[in-house]
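Engineer: Residue numbers (my numbering): 3 to 659.
Glycine included, each C-beta is placed from N, C-alpha and C at the ideal position.
In this text the structure is predicted, and so the values were computed from the model without any measurement.
Quick one: structure below, then a few questions.
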Amino acid sequence: MQLKTTIVLLALLCSSWGLSPTLHAAPQGPAPVDDPPKESPAASTTENTETAPLAFSSPGRTLATFLNAMSEEPTDFTTAIMCMKLPKGTYSKEITKQRAHDLEDILMHLGYQTKENPGVPSEASFDKDTFSLLPAPPGSSPTIVQRSAELQEVTKNAAVLGLDRTLNGRWLFNSETLTNENNELLRLADRRLMQKYPELLANARSTLSLRNWLLEITPPQLWDQFLFIAYIQWIGLAVVLAIGIIVNLIVRLLFGVLLKRWIERGLMHVARHAGQGRIDIRRSCRAIGLVASILLWGWLVDLLFLPLVAYNFISITLDVLLVLSMINAGFKLTDLVGDVVGLRAASTQNKLDDIVVPLIRKTVKFVILLLGFFYLANAVNYEITPLIAGIGIGGLGFAFAAQNSIENFFGSITVVLDRPFQVGDWVVIDNVEGNVEQVGLRSTRVRTFYNSQMTIPNSILIKTTVDNYGRRRFRRWKTNLSLLYQTTPEQVEAFCEGARELVRNHPSMRRDSYQIFLNEFGESGINILVYVFWETPDWATELRERHRFMLDLMRLAAELGVDFAYPSQTVYLARSSGVPETPPQLKPGQQQDANEAEGREAARRIIESAGWRENRPPPYHYRTAEESRHLDEKGHDASSVKAKQSETRGSADEGGE
């Protein structure tokens, strides 16, 4: 309702603008011809007959040229308007054509023919500068004389119907004949003539002039005026309005029936959007129905024979309403098609569609709005050329003012062509972290993890770094598992190999790149480095698989009798103080050497049977689950490892080779 009210107010404002001659730079119709200066008939005749075209060289030939042009199929309005010297001011194309129709009707009803007319001079040597058809010229037919007299009687000799010679020698229907006041007088007199002479009314019924037939069958009392418009015309306006409303309802019903099934079929695969789809259908049908109503109103108003001032106002108002309603209909249809295509794109794996569809929708709307602006300027007879020229002169300032907008536009083009991210990706852009929600012509909207919406100008995308977490194929997890210091080396080796086996058999983990080793001695326990990757499409799946893997690690620790450490400190209290005594057989200072020798001997005993002493270990090999199962089948199980501790340590250092 608010949109319709806004459209009506804009139409009234623009129509009042279109009626003001001071607001227009140039008329839409033929430019009025200036009155010729006063000069002697002889001099004027000599000069004008040399330059005037034959079709406009005399009153009779101009009259015949005009009537012939109006009687052609289709009507040759260009030639007909060339026979008219319009008054100064602004006349739209529709008003000018209507004026030509009115002039044709009065001439034909007075009895003038498309060929030569007695009494109207057709010689180029006619030596006067004006010629009047009211009263009838001498030598005219009795029909013309009688009807001209009756017309003058109706108008009380106030009507003017004549031709003037212009400066270039052309004979044209003068501006006094074509003024608004004189035109209304001639139309009133013409209706009286048609009421008096049945053959004129019969001729109107036999032609395609439905307007004349509808108006002439009405009683004369209904031609009395109220607010400058006849009662019958007020009734006609009400009927036209009612017919337009009925057509609006019919068009909405038809389009609703035709589009509803097709649109809903396109939306059924996403059930939660079906209701929105029906709303869009209704809005689109209402917009199309409004366009159909305005088009019908514009055609029916021509049949009402309204006064030119009222017709001009209503015509411009309807033109403005038509442009605004077509813009509205274009927007609604663009949204409807965009919703259908967008929902289909959302159901595909290609995320580029989610970016392109909103961009195309906004671009189409911008083009519709731009075209609507030009058509609106034409509807109110506004000359847009000076505005374009002014933009050209101020192009430099406009370029500076639009610099950011242009950068944002090219930023959106960069997103489409370079594709640094897609809708739904987890990104970090200029310290903004979240999921991409929408990419527009000016900005990109990101939904942060605390559910706020951040708007980022697209120009930033050209200059800043975009960290796209959504493009990760693998999602890393790095942690340290702390085991108690009471854990034996054999248990540490068994736990690390067991954790590796979990990775090898996990369906969502990367099996060619993982690190699970004794990494460091921590303050509270022995730290095992766990460095693994998940191949998951989103964060929720990653959390689910991490949860599963961590539970498996806990079960593995319980199976092997390994306990996890927790941050703690042990405080030992000394029972006595003093310096330990040096063994008597060693002199002071020799204890360090003895300790070091003992350590070297212990190390030699540990590595004496290590497998890597004979062969240098190759690079680490990521053993697959099948390989580990094959080794176990050959007897390399936990019991054999415990029986051959040295070989097990060697194989662990070799990475399972």
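Pick helix, strand or coil for leucine 69, following the three-state DSSP scheme.
Structural biologist: If you number the sequence shown from 1, residue 69 lands on position 67. The answer is helix: DSSP assigns leucine 69 an H, G or I state.
Engineer: Could you name the residues that DSSP lists as bridge partners for arginine 478?
Structural biologist: Against the sequence shown, residue 478 aligns to sequence position 476. Note: arginine 478 sits in a beta bridge opposite Phe535.
Engineer: By how many angstroms is the C-alpha of alanine 191 removed from the C-alpha of glycine 62?
Structural biologist: Sequence index remark: in the sequence shown, residue 62 carries index 60 (1-based). Sequence index remark: in the sequence shown, residue 191 carries index 189 (1-based). For glycine 62 and alanine 191, the distance between alpha carbons rounds to 23 Å.
Engineer: State yes or no: is the C-beta of tryptophan 479 within less than 9 Å of the C-beta of valine 430?
Structural biologist: Taking the first residue of the sequence shown as 1, we reach residue 479 at position 477. Taking the first residue of the sequence shown as 1, we reach residue 430 at position 428. Going by C-beta atoms, tryptophan 479 is not nearer than 9 Å to valine 430.
Engineer: Can you tell which of Gln148, Ala542, Glu537 has its C-alpha closest to the C-alpha of aspartate 514?
Structural biologist: Within the sequence shown, residue 514 is the residue found at index 512, counting from 1. Closest by alpha carbon: Glu537.
Engineer: Would you be able to state if there are at least three C-beta pairs under 8 Å between the region 147-160 and the region 105-120?
Structural biologist: Flag = yes, the region 105-120 and the region 147-160 touch.
Engineer: Give the range of the alpha helix (DSSP H) segment to which aspartate 554 is assigned.
Structural biologist: In the sequence shown, the residue the question calls residue 554 occupies position 552. Looking at the DSSP string, the run of the alpha helix (DSSP H) that includes aspartate 554 is 541-562.
Engineer: Can you look up glutamine 517 in the DSSP assignment and give me helix, strand or coil?
Structural biologist: Residue mapping note: residue 517 aligns to position 515 of the sequence shown, counting from 1. Three-state DSSP puts glutamine 517 in a strand.
Engineer: With a CB to CB cut of under 6 Å and the five nearest residues on each side skipped, what residues in its chain are close to glutamate 106?
Structural biologist: For the purposes of this step, residue 106 is taken as residue 104 along the sequence shown, with counting starting at 1. Around glutamate 106: Met72.
Engineer: Tell me which residues share the same chain as glutamine 440 and place their Cβ nearer than 8 Å to its Cβ, disregarding the 5 neighbours each side in the sequence.
Structural biologist: Counting from 1 along the sequence shown, the entry for residue 440 is found at position 438. So the list reads Pro360, Val425, Thr446, Arg447, once near-sequence residues are dropped.
Engineer: In the DSSP assignment, what residue or residues form a beta bridge with valine 434?
Structural biologist: Taking the first residue of the sequence shown as 1, we reach residue 434 at position 432. BP columns for valine 434 point to Ile431.
Engineer: Closest by CA to asparagine 330, which one among Ser317, Gly300, Val358, Leu373?
Structural biologist: Locating residue 330 in the sequence shown gives position 328, where the first residue counts as 1. It is Leu373.
Engineer: Alpha carbons only, please: which of Gly300, Asn250, Asn185, Leu256 is nearest the one belonging to leucine 239?
Structural biologist: Here residue 239 refers to the residue found at position 237 of the sequence shown. It is Gly300.
Engineer: By Cβ distance below 8 Å, which residues in the same chain neighbour glutamate 547 in space, the five residues on each side in sequence not counted?
Structural biologist: Counted from its first residue, the sequence shown places residue 547 at position 545. These residues qualify, in order along the chain: His508, Ser510, Met511, Trp536, Thr538.
Engineer: Checking the sheet assignment: what are the DSSP bridge partners for valine 441?
Structural biologist: Here residue 441 refers to the residue found at position 439 when the sequence shown is read from its first residue. According to DSSP, valine 441 bridges with Thr446.
Engineer: Just curious, the beta strand (DSSP E) that leucine 135 is in, first and last residue?
Structural biologist: Translated into the one-based positions of the sequence shown, residue 135 becomes position 133. Leucine 135 -> no beta strand (DSSP E), and no H or E assigned at all.
Engineer: May I ask you to verify whether the region 449-456 touches the region 481-499, counting CB pairs closer than 8 Å and requiring at least 3?
Structural biologist: No, the region 449-456 does not touch the region 481-499.
Engineer: Looking at the structure shown, is serine 484 part of a helix, part of a strand, or coil, going by DSSP?
Structural biologist: Sequence index remark: in the sequence shown, residue 484 carries index 482 (1-based). In the structure shown, serine 484 sits in a strand (DSSP, three-state: E or B).
Engineer: Is it buried or exposed for glutamate 561, if we count other Cβ within 10 angstroms and need 16 for buried?
Structural biologist: Your numbering for residue 561 matches position 559 in the sequence shown. So glutamate 561 ends up on the exposed side.
Engineer: To the nearest angstrom, how far is it from the Cα of arginine 625 to the Cα of arginine 474?
Structural biologist: Here residue 625 is taken as the residue at index 623 of the sequence shown, counted from 1. Here residue 474 is taken as the residue at index 472 of the sequence shown, counted from 1. Using only the alpha carbons, I get a separation of about 24 Å.
Engineer: CB tyrosine 568 to CB serine 526, shorter than 9 Å?
Structural biologist: Working through the sequence shown from its first residue, we reach residue 568 at position 566. Working through the sequence shown from its first residue, we reach residue 526 at position 524. Taking 9 Å as the Cβ cut-off, tyrosine 568 and serine 526 qualify as a contacting pair.
Engineer: Examine the Cβ distances between the region 97-105 and the region 68-82 and report whether three or more of them are shorter than 8 Å.
Structural biologist: Touching, yes.
Engineer: Assign phenylalanine 175 to one of two classes, buried (16 or more other C-beta atoms within 10 Å of its C-beta) or exposed (fewer than that).
Structural biologist: The sequence position of residue 175 within the sequence shown is 173, counting from 1. Classification for phenylalanine 175: buried.
Engineer: In or out: valine 505 buried (at least 16 other Cβ within 10 Å) or exposed?
Structural biologist: For this step, residue 505 is matched to residue 503 along the sequence shown. Valine 505 comes out buried.
Engineer: With DSSP as the reference, identify every bridge partner of glutamine 455, one or two as the case may be.
Structural biologist: Residue numbering aside, residue 455 sits at position 453 when the sequence shown is read from its first letter. Answer is Arg449, bridged to glutamine 455.
Engineer: Relative to the alpha-carbon of serine 454, which residue among Arg444, Val434, Gly442 has its alpha-carbon at the smallest distance?
Structural biologist: As a first step, residue 454 must be located in the sequence shown, where it is residue number 452. The shortest C-alpha separation from serine 454 is found at Val434.
Engineer: How many angstroms separate the CA atom of threonine 481 from the CA atom of asparagine 460?
Structural biologist: Position 479 of the sequence shown, counted from the first residue, corresponds to residue 481. Position 458 of the sequence shown, counted from the first residue, corresponds to residue 460. Looking at the two C-alpha atoms, the distance is approximately 37 Å.
Engineer: From the DSSP output, which residues share a beta bridge with leucine 335?
Structural biologist: Along the sequence shown, one-based indexing puts residue 335 at 333. None; leucine 335 has no bridge partner.
Engineer: Hey, would you say threonine 416 sits closer than 9 Å to isoleucine 464, going by beta carbons?
Structural biologist: Translated into the one-based positions of the sequence shown, residue 416 becomes position 414. Translated into the one-based positions of the sequence shown, residue 464 becomes position 462. Against a cut-off of 9 Å, the Cβ pair of isoleucine 464 and threonine 416 comes out as a contact.
Engineer: Could you give the DSSP three-state label for asparagine 470: helix, strand or coil?
Structural biologist: Looking up residue 470 in the sequence shown gives position 468. The answer is strand: DSSP assigns asparagine 470 an E or B state.
Engineer: Please state whether the Cβ-Cβ distance between threonine 157 and leucine 188 is less than 9 Å.
Structural biologist: As a first step, residue 157 must be located in the sequence shown, where it is residue number 155. As a first step, residue 188 must be located in the sequence shown, where it is residue number 186. Yes, Cβ-Cβ distance for threonine 157 and leucine 188 is below 9 Å.
Engineer: Tell me where the beta strand (DSSP E) around phenylalanine 175 begins and ends.
Structural biologist: Here residue 175 is taken as the residue at index 173 of the sequence shown, counted from 1. Where phenylalanine 175 is concerned, the enclosing beta strand (DSSP E) stretches over 173-175.
Engineer: Tell me aspartate 166's beta-bridge partners as DSSP assigns them.
Structural biologist: Position 164 of the sequence shown holds residue 166. DSSP, once it has assigned bridges, lists Thr132, Leu174 as partnering aspartate 166.
Engineer: Please work out which residues of its chain come closer than 6 Å, Cβ to Cβ, to asparagine 529, disregarding the five sequence neighbours upstream and downstream, and give them in chain order.
Structural biologist: What you label residue 529 is simply residue 527 of the sequence shown in a count that begins at 1. Here the set comprises Asn482, Ser484, Asn521, Glu522.
Engineer: Pull the bridge partners of glutamate 522 from the DSSP assignment, please.
Structural biologist: By one-based count along the sequence shown, residue 522 stands at place 520. According to DSSP, glutamate 522 bridges with Asn529.
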